[in-house]
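Chemist: Here it is, the structure, as structure tokens.
Number of protein chains: 2
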Amino acid sequence: MARTAGSHSDITGPKVREAALKLFARGGYAAVSMRAIAAEVGVQVGALYNYTPDKQSLLFDLMEGHMSDLLAAVQDDLSGSATARLQEFVAFHIRFHHARPDAVFIAYMELRNLTDDNFKRIEALRGQYEGGLERILRDGVAAKEFQIVDTKIATLAIIAMLTGVNTWFRAGGRLSLEEVTAQYWEMVRRAVT
Amino acid sequence: MARTAGSHSDITGPKVREAALKLFARGGYAAVSMRAIAAEVGVQVGALYNYTPDKQSLLFDLMEGHMSDLLAAVQDDLSGSATARLQEFVAFHIRFHHARPDAVFIAYMELRNLTDDNFKRIEALRGQYEGGLERILRDGVAAKEFQIVDTKIATLAIIAMLTGVNTWFRAGGRLSLEEVTAQYWEMVRRAVT
DNA sequence: GTCTATATAGCGATAGAC
DNA sequence: GTCTATCGCTATATAGAC
Numbered sequence: 015m016a017r018t019a020g021s022h023s024d025i026t027g028p029k030v031r032e033a034a035l036k037l038f039a040r041g042g043y044a045a046v047s048m049r050a051i052a053a054e055v056g057v058q059v060g061a062l063y064n065y066t067p068d069k070q071s072l073l074f075d076l077m078e079g080h081m082s083d084l085l086a087a088v089q090d091d092l093s094g095s096a097t098a099r100l101q102e103f104v105a106f107h108i109r110f111h112h113a114r115p116d117a118v119f120i121a122y123m124e125l126r127n128l129t130d131d132n133f134k135r136i137e138a139l140r141g142q143y144e145g146g147l148e149r150i151l152r153d154g155v156a157a158k159e160f161q162i163v164d165t166k167i168a169t170l171a172i173i174a175m176l177t178g179v180n181t182w183f184r185a186g187g188r189l190s191l192e193e194v195t196a197q198y199w200e201m202v203r204r205a206v207t
Numbered sequence: 015m016a017r018t019a020g021s022h023s024d025i026t027g028p029k030v031r032e033a034a035l036k037l038f039a040r041g042g043y044a045a046v047s048m049r050a051i052a053a054e055v056g057v058q059v060g061a062l063y064n065y066t067p068d069k070q071s072l073l074f075d076l077m078e079g080h081m082s083d084l085l086a087a088v089q090d091d092l093s094g095s096a097t098a099r100l101q102e103f104v105a106f107h108i109r110f111h112h113a114r115p116d117a118v119f120i121a122y123m124e125l126r127n128l129t130d131d132n133f134k135r136i137e138a139l140r141g142q143y144e145g146g147l148e149r150i151l152r153d154g155v156a157a158k159e160f161q162i163v164d165t166k167i168a169t170l171a172i173i174a175m176l177t178g179v180n181t182w183f184r185a186g187g188r189l190s191l192e193e194v195t196a197q198y199w200e201m202v203r204r205a206v207t
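Just so you know, the sequences run in chain order A and B. Add 14 to a position in the first sequence, counting from 1, and you land on the number used in my numbering. Add 14 to a position in the second sequence, counting from 1, and you land on the number used in my numbering.
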């Protein structure tokens, strides 16, 4: 309305992030040029630098945003049994990751393209998320609901298994996400008891 | 001996592949230049093209070589029980992948940098390997050793879980590879029975 | 806020001398 | 088989006009 023609900071900013997310996931950080991102947004390359100081910050912001969303969304109702908490974690992990495949892909594939400092910050967030699962497993062992020799190994094994769903599951296929979740939960449940 | 000075095709060829393997694993295919590979080998960039027609072929040859090695090494002794065959598969997968972390990393991370044709060929090899595991699971279900709703899902879940070992296990740490293998086998065994 | 133009650097691949 | 030199192109990032 009272806005200067050509001024679109509130629109272009999110569009830059969306374009980078899509293109990084498709082609890889190193292979995607700032020109390609600008073309996807519909501006010239110089305009991108109103929204990010450089390409590295763009990558880091995407990964940090994803990990923050993940940590904000995960819940752990301590009043339930460890088994119930683990079942909720499995369902949450599959559901959350399925809903944002591009961000998940980038978070796993582009770690090595982060600077050392940025890498440490992302790894710390990842450690926090893993800690949430391990706490459930340890509580389950203490309550004699689970039999697990090493809860750290079990944590990593479960997360690797669950995240793998994103590499093959596509909606509209032979199975629904609910069926897939039920079968993964059954495997996880057996593996820890 | 009777060799022309400066002629080192039998030495340089493998060194080019080794250098590319190491650098691709560390920095990613797109981020590694032919100049960087030449420097790692100790030659000038022009010399590389005596050993590969282009950079893409270098990547494909590494990935195809890895998958061929994997398929040649995996064994399935059909005379054993499905449980014994699965245990051997778990131990083999962890052992084989642990021995060549760079090749494994590239095989998973650089798929999107393959041309369409090359991608299809690598995916076919991967499908062959997964088929070997699924055959064990199906036989185990038929023999009532395993209870699995969907052997395809179980195949993908088990492989994702086992391959995840490479992302965190380092020799000389808290646990030996044998101990890790034993714990993964315990989780897999429970998950399918 | 976006544009065009440009600085500076590096890329994959090839040609031709030795 | 390896080297040096080079072609043609693209990269990130910045400067200054509007």
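Every residue gets a Cβ at the ideal spot worked out from N, C-alpha and C, and that includes glycine.
Would you say Glu144/A and Ile162/A are within 8 Å of each other, going by their C-beta atoms?
Modeler: With respect to Ile162/A, Glu144/A sits apart: the two C-beta atoms are not nearer than 8 Å.
Chemist: Contact defined as beta carbons within less than 8 Å: I believe Leu147/A pairs with Phe103/A. What is the distance between those atoms, to the nearest angstrom?
Modeler: The C-beta separation of Leu147/A from Phe103/A comes to about 6 Å, placing the pair in contact by the 8 Å criterion.
Chemist: Would the beta-carbon of Phe38/A fall within 8 Å of that of Leu73/A?
Modeler: It is a contact, given that the beta carbons lie within the stated cut-off.
Chemist: Can you have a look at Ile120/B and say buried or exposed, based on whether 16 or more other CB atoms are within 10 angstroms of its CB?
Modeler: buried
Chemist: Is Val199/B close to chain A, meaning its C-beta is less than 8 Å from at least one C-beta of that chain?
Modeler: First, the amino acid is wrong: residue 199/B is Trp here, not Val. Trp199/B does not count as touching chain A.
Chemist: Decide if Ile167/B is buried, meaning its Cβ has at least 16 other Cβ atoms within 10 Å, or exposed.
Modeler: Under this definition Ile167/B is a buried residue.
Chemist: Less than 8 Å between the C-beta atoms of Met210/B and Met175/A, yes or no?
Modeler: There is no way to answer for residue 210/B, as the model of chain B reaches only from 15 to 207.
Chemist: Compare the C-beta of Ala45/A against all C-beta atoms of chain B and say whether one is closer than 8 Å.
Modeler: yes
Chemist: Specify the secondary structure class of Lys158/B as computed by DSSP and reduced to three states.
Modeler: coil
Chemist: Would you decide whether Thr195/B is buried or exposed? Buried here means 16 or more other CB atoms lie within 10 Å of its CB.
Modeler: buried
Chemist: Buried or exposed, going by whether 16 or more other CB atoms sit within 10 Å of the CB of Asn64/B?
Modeler: exposed
Chemist: Can you confirm whether Arg109/A, when its beta carbon is compared against all beta carbons of chain B, has any partner nearer than 8 Å?
Modeler: no
Chemist: Using C-beta distances below 7 Å, list every residue in its chain close to Leu62/A, excluding the 5 sequence neighbours before and after it, in chain order.
Modeler: Val30, Met48, Ile51, Ala52
Chemist: Mind reading off the beta-carbon distance from Asn180/B to His80/B? Whole number of angstroms is fine, and I expect it under 8 Å.
Modeler: Their Cβ separation, rounded to whole angstroms, is 13 Å, which puts Asn180/B and His80/B out of contact at 8 Å.
Chemist: Helix or strand or just coil, what does DSSP make of Arg31/B?
Modeler: helix
Chemist: Give the secondary structure of Asp75/A by DSSP, where H, G and I count as helix, E and B as strand, and everything else as coil.
Modeler: helix
Chemist: Nearest-angstrom Cα distance between Ile108/B and Glu159/B?
Modeler: 23 Å
Chemist: Taking 8 Å as the threshold (C-beta atoms), are Arg126/A and Gly41/B in contact?
Modeler: Yes, the pair counts as a contact, with Cβ atoms nearer than the cut-off.
Chemist: So, does the CB of Met175/B fall closer than 8 Å to a CB anywhere in chain A?
Modeler: Output row for Met175/B: interface = yes.
Chemist: Can you pull out the residues from the region 113 to 130 of chain A whose beta carbon lies closer than 8 Å to at least one beta carbon of chain B?
Modeler: Met123, Arg126, Asn127
Chemist: Taking Glu193/A as part of the alpha helix (DSSP H), name the residues at either end of that continuous run.
Modeler: 191 to 206
Chemist: Which class does Thr181/A belong to by DSSP, given the choice of helix, strand or coil?
Modeler: Helix.
Chemist: If the cut is a Cβ gap below 8 Å, which residues of chain A does Leu191/B touch?
Modeler: Neighbours of Leu191/B on chain A: none; closest Cβ ~12 Å, over 8 Å.
Chemist: Using a C-beta cutoff of 8 Å, does Asp164/A count as contacting chain B?
Modeler: yes
Chemist: Measuring only the C-alpha atoms, how far is Thr66/A from Ile25/A?
Modeler: When rounded, the distance between both Cα atoms is 14 Å.
Chemist: Whole angstroms are fine: how far does the CA of Gly178/A sit from the CA of Tyr198/A?
Modeler: 11 Å
Chemist: Just to make sure I have the definition right: I need the residues of chain B whose C-beta is within less than 8 Å of the C-beta of Val194/A. Which are they?
Modeler: Ile167
Chemist: Please decide whether Arg204/B counts as near chain A, where near means a Cβ-Cβ distance under 8 Å.
Modeler: yes
Chemist: Do Leu100/A and Ile150/A have their beta-carbon atoms positioned less than 8 Å apart in this structure?
Modeler: yes
Chemist: In chain order, what residues of the same chain have a beta carbon less than 7 Å from the beta carbon of Gly186/B, not counting five sequence neighbours either side?
Modeler: By the criterion of a C-beta distance shorter than 7 Å, Gly186/B is surrounded by no residue of its chain, once the five residues flanking it on both sides are discounted.
Chemist: Tell me which residues of the region 130 to 148 of chain A have at least one Cβ-Cβ distance to chain B shorter than 8 Å, keeping chain order.
Modeler: none
Chemist: What's the C-alpha gap between Glu137/B and Lys69/A?
Modeler: 32 Å
Chemist: Going straight from the alpha carbon of Leu5/B to that of Leu76/B, what length do you get?
Modeler: Outside the modelled stretch of chain B, which goes from 15 to 207, sits residue 5/B, for which no answer is possible.
Chemist: Classify Ala16/B: buried if its beta carbon has 16 or more other beta carbons within 10 angstroms, exposed otherwise.
Modeler: With a pLDDT of 39 at Ala16/B, under the threshold of 50, the modelled position of that residue is not reliable, and no figure is offered here.
Chemist: Taking DSSP as the reference, what is the three-state secondary structure of Glu124/A?
Modeler: coil
Chemist: For the alpha helix (DSSP H) containing Ala96/B, name the first residue and the last one.
Modeler: 96 to 113
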